[in-house]
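Going by the numbering used here, the sequence shown runs without a break in its numbering and finishes at 462.
Here a beta-carbon is modelled for each residue, glycine too, at the ideal position from N, C-alpha and C.
For reference, the structure is listed below as structure tokens.
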Amino acid sequence: MFDNSTILITGGTGSFGKKFTQTILSRYKPKRLIIFSRDELKQYEMQQQFHEPCMRYFIGDVRDADRLQQAFQNVDYVIHAAALKQVPAAEYNPMECIKTNINGAENVIKAAFANNVKKVIALSTDKAANPINLYGATKLASDKLFVAANNMVGEKDTRFAVVRYGNVVGSRGSVVPFFKSLIAKGEVALPITHPDMTRFWITLQDGVDFVLKNFTRMHGGEIFVPKIPSVRIIDLAIAYAPNLQQKIVGVRPGEKMHEIMCPADDSHNTLEFSDHFVIMPSIKFYSRQVDFCSNGLKEQGKPVDYGFEYNSGSNSHFLSQAEILMMDNKI
132 MFDNSTILIT GGTGSFGKKF TQTILSRYKP KRLIIFSRDE LKQYEMQQQF HEPCMRYFIG
192 DVRDADRLQQ AFQNVDYVIH AAALKQVPAA EYNPMECIKT NINGAENVIK AAFANNVKKV
252 IALSTDKAAN PINLYGATKL ASDKLFVAAN NMVGEKDTRF AVVRYGNVVG SRGSVVPFFK
312 SLIAKGEVAL PITHPDMTRF WITLQDGVDF VLKNFTRMHG GEIFVPKIPS VRIIDLAIAY
372 APNLQQKIVG VRPGEKMHEI MCPADDSHNT LEFSDHFVIM PSIKFYSRQV DFCSNGLKEQ
432 GKPVDYGFEY NSGSNSHFLS QAEILMMDNK I
């Protein structure tokens, strides 16, 4: 699919974009791989690492609809990874978060339509399910926009899907680099928001692989959710610094005790596959009929029980402290 194709990733200088670029270049021979982001320094630094002839670097912001229209010319596949992601920052700067995460999503959709992009996958977050913080609320709105875009395609072949997963080990927004920096500074205790707090946990590579596979799986309109383990935040602290104490600092603004990726309220639209879930669109697509129980890889799914919820606190798989360190070695 990706050989001799043009691929664009918004927010491409982030943790996901770098791992995605590395993976694409090692497995495929794209015609062009376009990094679209607004930070010239990060682009310059990324060019030192990835400078193959197919690479293109576009400075631009997803808030800028005209610049997106230019960047999307002759593009086949888009990964929309650009977002404002810091929960407390979004609480204190709500309009900035809305402009990027919601208005930016609308601009990506319009640019994809205008340039006849084949497939678009937008990255979501577990915080978009039953959101209590602004970041999650904006990503839920973004998810709804990308799902509904499939009902506006008309005669076009463009399709949109969403990938939703949990905290990424070692990414810039992860607590792991923060813990490691405190340990390196010789801190005597690691700050813990709450001893019972849990999160879904996934490596960057697993996230990239899941996104790539869903380009083949997708019909358009799905929210793809991988089956991944959970961690207890206190276990993270003990795993990385078994000889340090933990200091309870309280839950931050907009933070949840546990995260949800498949809400119980969506259980009637949720399908279970061997290694992932699919949340089907709640709206009817008038231009086509889709059997979401079978995907492009011929995998078969079945409806979950009514009231089913995929919750990091009640997950069947929790990482041990040893497994946490093993996963860290995969970064």
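Which of helix, strand or coil DSSP assigns to residue i
{"i": "residue 408", "result": "strand"}
{"i": "residue 215", "result": "coil"}
{"i": "residue 361", "result": "strand"}
{"i": "residue 185", "result": "coil"}
{"i": "residue 392", "result": "strand"}
{"i": "residue 322", "result": "strand"}
{"i": "residue 377", "result": "strand"}
{"i": "residue 237", "result": "helix"}
{"i": "residue 370", "result": "helix"}
{"i": "residue 199", "result": "helix"}
{"i": "residue 157", "result": "helix"}
{"i": "residue 309", "result": "helix"}
{"i": "residue 299", "result": "strand"}
{"i": "residue 248", "result": "coil"}
{"i": "residue 431", "result": "strand"}
{"i": "residue 456", "result": "helix"}
{"i": "residue 398", "result": "helix"}
{"i": "residue 329", "result": "strand"}
{"i": "residue 232", "result": "helix"}
{"i": "residue 126", "result": "For the chain, the structure presents residues 132 to 462; residue 126 sits outside this window and is missing."}
{"i": "residue 403", "result": "strand"}
{"i": "residue 269", "result": "helix"}
{"i": "residue 347", "result": "helix"}
{"i": "residue 423", "result": "coil"}
{"i": "residue 439", "result": "coil"}
{"i": "residue 447", "result": "coil"}
Close beta carbons around residue i, own chain, < 8 Å, minus the five adjacent residues each side
{"i": "residue 427", "result": "347, 348, 349, 350"}
{"i": "residue 247", "result": "287, 288, 289"}
{"i": "residue 435", "result": "393, 398, 401, 402, 403, 408"}
{"i": "residue 458", "result": "300, 332, 334, 450"}
{"i": "residue 272", "result": "232, 233, 236"}
{"i": "residue 178", "result": "186, 188"}
Exposure label - residue i; buried when at least 16 CB within 10 Å
{"i": "residue 150", "result": "buried"}
{"i": "residue 252", "result": "buried"}
{"i": "residue 333", "result": "buried"}
{"i": "residue 218", "result": "buried"}
{"i": "residue 208", "result": "buried"}
{"i": "residue 175", "result": "exposed"}
{"i": "residue 419", "result": "exposed"}
{"i": "residue 410", "result": "buried"}
{"i": "residue 211", "result": "buried"}
{"i": "residue 412", "result": "buried"}
{"i": "residue 226", "result": "exposed"}
{"i": "residue 460", "result": "exposed"}
{"i": "residue 441", "result": "buried"}
{"i": "residue 414", "result": "exposed"}
{"i": "residue 317", "result": "exposed"}
{"i": "residue 374", "result": "exposed"}
{"i": "residue 250", "result": "buried"}
{"i": "residue 135", "result": "exposed"}
{"i": "residue 242", "result": "buried"}
{"i": "residue 383", "result": "exposed"}
{"i": "residue 315", "result": "exposed"}
{"i": "residue 285", "result": "exposed"}
Sequence-distant residues of the same chain with beta carbon closer than 6 Å to residue i, five excluded per side
{"i": "residue 90", "result": "The question about residue 90 has no answer here: the residues shown for the chain are numbered 132 through 462."}
{"i": "residue 169", "result": "192"}
{"i": "residue 370", "result": "452, 455, 456"}
{"i": "residue 187", "result": "163, 165"}
{"i": "residue 196", "result": "238"}
{"i": "residue 444", "result": "329, 389"}
Cβ-Cβ distance between residue i and residue j below 8 Å
{"i": "residue 95", "j": "residue 388", "result": "Here the chain comprises residues numbered 132 to 462, so residue 95 is not present and cannot be evaluated."}
{"i": "residue 259", "j": "residue 295", "result": "yes"}
{"i": "residue 215", "j": "residue 234", "result": "no"}
{"i": "residue 310", "j": "residue 402", "result": "no"}
{"i": "residue 305", "j": "residue 448", "result": "no"}
{"i": "residue 343", "j": "residue 302", "result": "no"}
{"i": "residue 319", "j": "residue 377", "result": "no"}
{"i": "residue 293", "j": "residue 274", "result": "yes"}
{"i": "residue 240", "j": "residue 280", "result": "yes"}
{"i": "residue 167", "j": "residue 202", "result": "yes"}
{"i": "residue 257", "j": "residue 171", "result": "no"}
Contact belief for residue i with residue j at Cβ below 8 Å, rounded distance in angstroms
{"i": "residue 397", "j": "residue 357", "result": "Incorrect: roughly 16 Å between the Cβ atoms, too far for contact."}
{"i": "residue 189", "j": "residue 165", "result": "6 Å"}
{"i": "residue 381", "j": "residue 324", "result": "6 Å"}
{"i": "residue 213", "j": "residue 142", "result": "3 Å"}
{"i": "residue 379", "j": "residue 326", "result": "7 Å"}
{"i": "residue 395", "j": "residue 432", "result": "Rounded, the Cβ-Cβ distance is 18 Å, inconsistent with contact."}
{"i": "residue 137", "j": "residue 205", "result": "6 Å"}
Contact set for residue i: own chain, Cβ-Cβ below 7 Å, skip 5 residues either direction
{"i": "residue 173", "result": "144"}
{"i": "residue 416", "result": "281, 282, 352"}
{"i": "residue 359", "result": "296, 297, 331, 332, 333"}
{"i": "residue 313", "result": "321"}
Cutoff 8 Å: residue i Cβ touching any chain B Cβ
{"i": "residue 339", "result": "Of the protein chains in the structure, only one exists, and it is not chain B."}
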